[in-house]
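Below is one structure, written out as structure tokens; comments come after it.
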Ligand SMILES: Cc1cc2nc3c(=O)[nH]c(=O)nc-3n(C[C@H](O)[C@H](O)[C@H](O)COP(=O)(O)OP(=O)(O)OC[C@H]3O[C@@H](n4cnc5c(N)ncnc54)[C@H](O)[C@@H]3O)c2cc1C
Ligand SMILES: [Zn+2]
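Residue numbers (my numbering), protein chains in the order written: chain B, 13 to 394; chain U, -12 to 75.
Right, here's the structure in full:
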């Protein structure tokens, strides 16, 4: 088997193929280096408080795996369940938040409502003044949510997969597919052909390019998504705060830098960079919520290329080409799903049938109409 | 930030514009005659090439007109723009 792409999802898939299914005749091929794509560029927010049942199923499975992952992979992943607070700024935000809390509880996902005062108790630097441009009317809190160190996660999965016999091949770009009678028989790469009975795409922002090489289309648009870190600061920000209305999300990494993410740049791109006005917009929002950040200096900004679907939910399953599978469309929020994405994708590839958790996320939902429309539903997209 | 040439107003900063995605996607002349797969393709599938891409922009904070741009999605280089209804 060949897995295309050594981001978090490709590496986790390789690990669970070996661990759960005993399949070790696997190569992960990567055009760059291990975990050098979105896996090393995200803001590492982990939560499972999605509105819809299908989403709660797959993201909560991930969160449960996160809770035992450091021990299982024998690697300190700096997984910190410091709580994720989603702010409400309008009466509609409040209603949506309450509804999401109820939906979460029905799905066994921890969720609670905080008043503005409780929100400030939880995050003392938060500005809850009613005079602010987007006043805080409250928020939803998932205490089990938090952050982890993304590249440690990539390296832990890579190491564990490698130890079980998986081959990891870097600097090896897939440039085409070989097929016979409508069935995939291998991949063409910049370092030669590799025969494979099954091929699994895990190429995030580049999925459309690979699908085109294989002769089918995916409902994906690739966009830049930017983030930034400040210089190192004393610990001031104890949790993760996200705001849908002003679109910013902030945490403070273990080393001390503030980590902030923006919304996507509007246009299609593969260039791993975006416009500075998007950063500026996001900083303005952050300063409203956290006036204390006014003197913090930006150290670094960067961008990744995220794979956005029309319903903001991923696609995991079969493709029109027999033996070729796809896992994509995680867009701006797939880091948190890394463990369960790998788990259910490995199941799908190993057995030829989707796992119950990814069955609803098939490619043909766009034809049947059974969309999983998380867009407006789950607070922000991360 | 992109510097986008509006065919009417000339080059202006990206923040004056709204993005409209792939250009030249025609509404199907007979929607009811399409299969589910064809209708799904019209609704949900858009090209997403790495390289030259014909796309729509609206000069929202300027003349408010829609037009087309040929832009490279790998480099962000803008080759040229042209008016709605025209072909490159
Ligand atoms: C700025 C930013 C902030 C984010 N914040 C969050 C967040 O807070 N929480 C969250 O849950 N998610 C977040 N995300 C989303 C998350 O990073 C992605 O959904 C997730 O990383 C995608 O899965 P991956 O790790 O496998 O992708 P990637 O790491 O992008 O892996 C795909 C790999 O495929 C390789 N590849 C592509 N084409 C080929 C080819 N032809 N041949 C071989 N290899 C190929 C690429 O080089 C790449 O290494 C964020 C993303 C960005 C960009
Ligand atoms: Zn104009």
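Built from N, CA and C at the ideal position, the CB exists for glycine as well. In this text, all values refer to a predicted model and were calculated from it rather than measured experimentally.
Distance, residue 321 of chain B Cα to residue 344 of chain B Cα | Looking at the two C-alpha atoms, the distance is approximately 10 Å.
At a cut-off of 7 Å, is residue 44 of chain U close to ligand 2 when judged by its beta-carbon and the heavy atoms of the ligand?
-> no
Residue 327 of chain B vs residue 375 of chain B beta-carbon contact at 8 Å | yes
Limits of the unbroken beta strand (DSSP E) element including residue 0 of chain U = -3 to 0
Taking contact to mean at least 3 C-beta pairs separated by less than 8 Å, is the stretch 272 to 287 of chain B in contact with the stretch -5 to 14 of chain U?
-> yes
Closest residue to residue 284 of chain B among B:72, B:368, B:357, B:234 (Cα-Cα distance) = Ranking the options by Cα distance to residue 284 of chain B, first place goes to B:234.
Check the C-beta distance from residue 22 of chain B over to residue 214 of chain B and give it rounded, since I have them as a contact under 8 Å.
-> 3 Å
For residue 379 of chain B, which residues in chain U fall below 7 Å Cβ to Cβ?
-> 23, 24, 27
At what residues does the alpha helix (DSSP H) containing residue 16 of chain B begin and finish?
-> Premise fails: residue 16 of chain B lies in the beta strand (DSSP E), 14 to 16, not in any alpha helix (DSSP H).
Pick out whichever of B:355, B:365, B:370, B:371 has its Cα sitting closest to the Cα of residue 78 of chain B.
-> B:355
Touch test, the stretch 49 to 56 of chain B against the stretch 258 to 273 of chain B, Cβ-Cβ under 8 Å, three pairs minimum = yes
Proximity test, residue 43 of chain B beta-carbon vs ligand 2 heavy atom, cut-off 7 Å | no
Would you say the beta carbon of residue 52 of chain U comes nearer than 7 Å to a heavy atom of ligand 3?
-> This structure does not include ligand 3; its bound ligands are ligand 1 and ligand 2.
According to the Cβ coordinates, are residue 20 of chain B and residue 360 of chain B closer than 8 Å?
-> no
Boundaries (first-last residue) of the beta strand (DSSP E) holding residue 189 of chain B | 186 to 192
Chain B beta carbons: is any one of them nearer than 8 Å to that of residue 55 of chain U?
-> no
Please confirm whether residue 50 of chain B and residue 217 of chain B have their CB atoms less than 8 Å apart.
-> yes
When we look at the beta-carbon of residue 111 of chain B and count the other beta-carbons within 10 Å, is it buried (16 or more) or exposed?
-> exposed
Which first and last residues belong to the alpha helix (DSSP H) in which residue 373 of chain B is found?
-> Premise fails: residue 373 of chain B is in no alpha helix (DSSP H) and is neither H nor E.
Is residue 158 of chain B buried or exposed, if buried means 16 or more other CB atoms sit within 10 Å of its CB?
-> buried
Could you tell me if the beta carbon of residue 232 of chain B falls within a distance shorter than 7 Å of some heavy atom in ligand 1?
-> no
Starting from the C-beta of residue 268 of chain B, find all residues in its chain whose C-beta is less than 6 Å away, skip the five residues before and the five after it, and write them out in chain order.
-> 244, 245, listed in sequence order.
Are the C-beta atoms of residue -11 of chain U and some chain B residue less than 8 Å apart?
-> yes
May I ask which residues mark the beginning and end of the alpha helix (DSSP H) holding residue 234 of chain B?
-> Note, residue 234 of chain B: premise wrong, no alpha helix (DSSP H); beta strand (DSSP E) at 233 to 244.
If we count the other Cβ atoms within 10 Å of its Cβ and call it buried at 16 or more, is residue 391 of chain B buried or exposed?
-> Summary for residue 391 of chain B: the model assigns pLDDT 45, below 50, so the residue's position carries little reliability, and this model does not support an answer.
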